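What follows is a short report on a single structure.
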Amino acid sequence: MKRDMLLNLIILYLVEFVRGAALISFLPIYGDKALGLDLDVIGAAITAHYVTDTALKLAIGYLLDRLSVRTVVGIGLFCSFLGVFVLQFADVPWIFIAAAAIYGIGISPIWIVCLTKVKEDKRATQMGFLYTIWLVGLGSGPVVTNLLLDVDLELTYCVMAGTALASWLLSLFIPGSRSMHIGVVPFRKQLSVLGSRLKDMRLLLPGMVLQTLGAGMLLPILPSFAVNGLGMSATHYSVLLLIGGGCTVVGLIPMGKLSDSLGKKWFLIAGFLAFGTVLFALTQKPPLGLALFWAFLLGISYAAVLPAWNALLAAFVPPGQQGLGWGVFSTVEGIGGIVGPIVGGLLATSYGESSVVGLAGILFVFISSFYLFFPFRLFKGDEPVK
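Heads up: the sequence shown is residues 2 to 387, going by our numbering.
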């Protein structure tokens, strides 16, 4: 593996560690227990994070096609560190929401940079490896945070801030070359090509939005659901996340290889169906042992979905315009991430956390049905047929 790619992966891990710690554990628990904020305010903060993250993806993709990776990633990660730094002063709702929004600025660049490095052949396998790094970071963040929160809130914050600072400092060592050498293709022409690709993939757009909507609904309520709905302690919740995340990480590369060999359709259908069914089963307040088994199934189903979906999506990224292409597609996916947390927070405040988990489960079952009737015959080798 090349030195610059290894550095990118280390930075990606650190960035996702802080993101997982913040969104899945620190913001919901700190906002609820330390600040006494309602779940709708916590949902608004997570939505604010996704608003800035999503709004900047298109611009970041464009900049990565023209400016140095070091410049774009470095500025973004400094903003993220600034957002984490402001959290220590977030004793009122608007500062809490503003800090989350500032934090969202720097998430996209390093992820899009890593996506541009994926080779055309064996996309699902390589996506599986990339998502392994991503999920190890995203999963270890909340596990470590939950354990530290039982010890000391200030220590937990220091670990988050220190990790965010380390990711920014490492970004200063990224080579100063461009992400992609694309010549002098005018921006309008690039948008025209991407518009054509979006038209080709219009049948995929509902799934893109609904998937992130369902996941976003769960973010502000997961810790409180684990405590109130499943009767878990912070340690039990960490074990639940560790099992689900661990199974996903272990399954990503094998599932990616199988997806390359067997095709994407049934991995999407079975994965989303299992995901939705298990979420609904969790609303029945299972005992701890059964809840941990459901976490195992969640991890396996997520591992089936991720490589297949992203490899299918990668077929629509125009050659030579990876930065801009992934920026546009990530922006479309981010719509659900923007709406989901605020919807989940509002529903949980009015009807309880279990109602949000059950509704998300129904949504994922619907997505599975959507792919069951999706006309995959329009695709040949996952490339759009003209």
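Don't be surprised by glycine CBs; every beta carbon is placed ideally from N, CA and C. As the structure is a computational prediction, the values presented were derived from the model and not from experiment.
Asked	Found
In this structure, how does DSSP classify Ser-69 when only helix, strand and coil are distinguished?	strand
Note down the Cα distance separating Gly-246 from Ala-275, rounded to an integer number of angstroms.	16 Å
Just verifying my parser: in three-state terms, what is the DSSP assignment at Ile-12?	helix
In angstroms with no decimal places, state the Cα-to-Cα distance between Tyr-388 and Phe-365.	With the chain covering 2 to 387 only, the question about residue 388 has no answer from this structure.
With H, G and I counted as helix, E and B as strand and the rest as coil, what does DSSP make of Gln-89?	helix
How would you label Gln-212, buried or exposed, when you count the other beta carbons within 10 angstroms and need 16 or more for buried?	buried
Whole angstroms are fine: how far does the CA of Ala-22 sit from the CA of Phe-297?	21 Å
Taking the alpha-carbon positions, what's the Val-185 to Leu-299 distance?	Residue placement at Val-185 cannot be trusted, given a pLDDT of 41 that sits under 50; the coordinates are not used to answer.
Going by CA-CA distance only, name the one from Gly-252, Ile-244 and Ala-309 that's closest to Leu-289.	Ile-244
First and last residue of the alpha helix (DSSP H) that includes Gly-272?	266-283
My output table needs one value for Phe-294: the three-state DSSP class, helix, strand or coil.	helix
Determine, using beta carbons only, whether Gly-217 and Tyr-372 come nearer to each other than 8 Å.	no
Under 8 Å: do the segment 83-102 and the segment 129-144 share three or more Cβ pairs, one atom per stretch?	no
Since Met-209 is in the alpha helix (DSSP H), which residue starts that stretch and which ends it?	206-219
Here's the rule I'm using: 16 or more other beta-carbon atoms within 10 Å means buried, otherwise exposed. How should Thr-55 be labelled?	buried
Kindly list the residues whose CB is nearer than 7 Å to the CB of Ile-111, restricted to its own chain and excluding five residues on each side of it in sequence; keep chain order.	Asn-9, Ile-12, Leu-13, Val-16 and Val-74
Note down the Cα distance separating Leu-357 from Gly-264, rounded to an integer number of angstroms.	Inspection of the sequence shows that residue 357 is occupied by Val rather than by Leu. About 32 Å.
Ala-35: buried (16+ other C-beta within 10 angstroms of its C-beta) or exposed?	exposed
Below 8 Å, can you find three or more Cβ-Cβ pairs linking the segment 36-48 to the segment 329-348?	yes
Ends of the alpha helix (DSSP H) at Met-161?	154-172
If you drop the 5 nearest sequence neighbours on each side, which residues of the same chain put their C-beta closer than 7 Å to that of Leu-149?	Leu-156, Thr-157 and Val-160
To which residues of the same chain is Phe-90 closer than 7 Å at the C-beta, ignoring the five residues directly before and after it?	Ile-96
Between the Cα of Thr-117 and those of Leu-283, Ile-61 and Asp-41, spot the shortest distance and give me the residue it belongs to.	Ile-61
Within its chain, find whatever has a CB closer than 6 Å to the CB of Ala-101; leave out the 5 residues flanking it on each side and keep chain order.	Ala-46, Ala-49 and His-50
Who are the Cβ neighbours of Asp-304 in its own chain at under 6 Å, not counting the five residues just before and after it?	Per the sequence shown, the amino acid found at residue 304 is Ala instead of Asp. Thr-249, Gly-252, Leu-253 and Met-256, listed in sequence order.
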